[in-house]
Amino acid sequence: MDAPTYSSKQVAEMLGLPPKSIASALKQDSYTGAEVWALRAQLGAFPPSLGRRKQLFLNFKGGTGKTSLSTSYAWRLAELGYNVLIVDLDSQGHATKCLGFEGEDFDKTLLNVLVRKSPMSEVIQKSSLPNLHFVPSNLTMSTVDLALMPMAGREFKLRNALKEVEAQYDIIVFDAPPSFGLLNLNALMAANDLFVPVLADFLSFHGLKLLFETVQSLEEDLNHVLDHVFIVVNSFNATFKLAKEALEALQTHYPEYLLPTIIRQCTKFAQASSEGRPVFVADPGSKGATDIEALIQNVLPRLRAGSAPGTDDSGAQRAG
Ligand SMILES: Nc1ncnc2c1ncn2[C@@H]1O[C@H](COP(=O)(O)OP(=O)(O)OP(=O)(O)O)[C@@H](O)[C@H]1O
Ligand SMILES: [Mg+2]
1 MDAPTYSSKQ
11 VAEMLGLPPK
21 SIASALKQDS
31 YTGAEVWALR
41 AQLGAFPPSL
51 GRRKQLFLNF
61 KGGTGKTSLS
71 TSYAWRLAEL
81 GYNVLIVDLD
91 SQGHATKCLG
101 FEGEDFDKTL
111 LNVLVRKSPM
121 SEVIQKSSLP
131 NLHFVPSNLT
141 MSTVDLALMP
151 MAGREFKLRN
161 ALKEVEAQYD
171 IIVFDAPPSF
181 GLLNLNALMA
191 ANDLFVPVLA
201 DFLSFHGLKL
211 LFETVQSLEE
221 DLNHVLDHVF
231 IVVNSFNATF
241 KLAKEALEAL
251 QTHYPEYLLP
261 TIIRQCTKFA
271 QASSEGRPVF
281 VADPGSKGAT
291 DIEALIQNVL
301 PRLRAGSAPG
311 TDDSGAQRAG
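Read in UniProt numbering, the sequence shown has 60 at position 60, and its numbers run on one by one without any break.
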């Protein structure tokens, strides 16, 4: 993927400043991610702290939008000035692909960290935004559940491995595979917040029951309580009667978890992921990008209002 560039209007938006107030600083026709970051540092335009959060996108059902939503959410948070790490947990390597990379090009994945004790810092890669890093995945990750099985403290491997690097990031986003196993249990144990992308159909609706039972047993048996659980309806098409009925069922049964912002069905969104480009790069004006932005604006105040799991309150300041 070519490195993204931004117009001065987009830069002002990303910095969270009125365009007029920084007109004198914005002299170029376009800006690279690194130039936006330099300008942010120069103007001290860092976003308010969210505490240091780890956020998991999980649904045991396949194809509900975990990868599309997690990568575009993480990408946009980085554009808004947060230091973000995406951890690709899926041996399909789709999150890696959505960022414009091929998983097979990397020698090391999270498997090396969880099973072979490589330091986390050795597997972290740089993306085309200076403040967005990622842990790639490829087919070798498909053996991770089996390899974890005989290990002592096997549910806590990911949480412990992240300790080395977590102070460098405002947000760590995990893209989970559609399975029910030790790796996803590790991700749940490492996470502060859970995003559950669902499609507005009744199969997705029934799958939620298993997920919520798992979360409940985590609280009871492993003493891990999530700060936030957000259900996100994805790929919604209001012209389908069944979709509207499924949405109503979600509103009835999960009112406390269901986010009011819905991600509409969007061909450009699907096309962007297949081309390995975040939707905010491929088409920032698309329904997909608009809806993810709305989701972020809905979620950020809730995260800021909640208790901060991390310790640092000074906001995002680094990139490397
Ligand atoms: N809002 C949307 N509008 C249109 N297509 C979408 C939308 N969200 C996701 N898709 C498409 O649906 C398919 C599944 O999405 P995605 O890969 O994000 O789901 P997933 O839950 O990560 O899948 P898996 O369970 O295989 O990991 C992809 O082809 C993606 O491009
Ligand atoms: Mg996926």
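Ideal Cβ positions, reconstructed from N, Cα and C, are used throughout, including at glycine.
Since the structure is predicted, the reported quantities are computational estimates derived from the model, not experimental observations.
- D90 has its alpha-carbon roughly 17 Å from the corresponding atom of M189.
- Exclusion of the five residues before and after K97 leaves G276 as the residues of its chain whose Cβ lies within less than 6 Å of its Cβ.
- Contiguous beta strand (DSSP E) elements confined to the segment 122 to 165 occur at 132 to 135, taking only those with 3 or more residues.
- Rounded to the nearest whole angstrom, the C-alpha separation of V123 and K241 is 46 Å.
- Residue burial is scored here from C-beta neighbours: T71 has at least 16 other C-beta atoms within 10 angstroms and is therefore classed as buried.
- At a cut-off of 7 Å, the beta-carbon of I124 does not count as near ligand 1: no heavy atom of the ligand is closer than that.
- About 6 Å separates the beta carbons of L69 and V232, which is inside the 8 Å limit, making them a contact pair.
- Under DSSP, V233 forms a beta bridge with V198.
- Comparing C-alpha distances from I292 to each of E256, R76, T67 shows the shortest one belongs to R76.
- Rounded to whole angstroms, the Cβ separation of S127 and L162 is 18 Å, and the two are not in contact under 8 Å.
- With three or more CB-CB distances shorter than 8 Å, the segment 220 to 238 counts as touching the segment 194 to 207.
- Secondary structure note for D88: its beta strand (DSSP E) is the uninterrupted segment 84 to 88.
- Taking C-beta separations shorter than 6 Å and ignoring five residues to either side along the sequence, the partners of N237 in its chain run A243, Q265, following chain order.
- The criterion of a C-beta distance shorter than 8 Å is satisfied by P130 and A34.
- Beta-bridge partners of R264 (DSSP): F236.
- The segment 170 to 179 and the segment 41 to 55 touch, with no fewer than 3 CB-CB distances between them shorter than 8 Å.
- In the three-state DSSP reduction, Q297 falls in the helix class (H, G or I).
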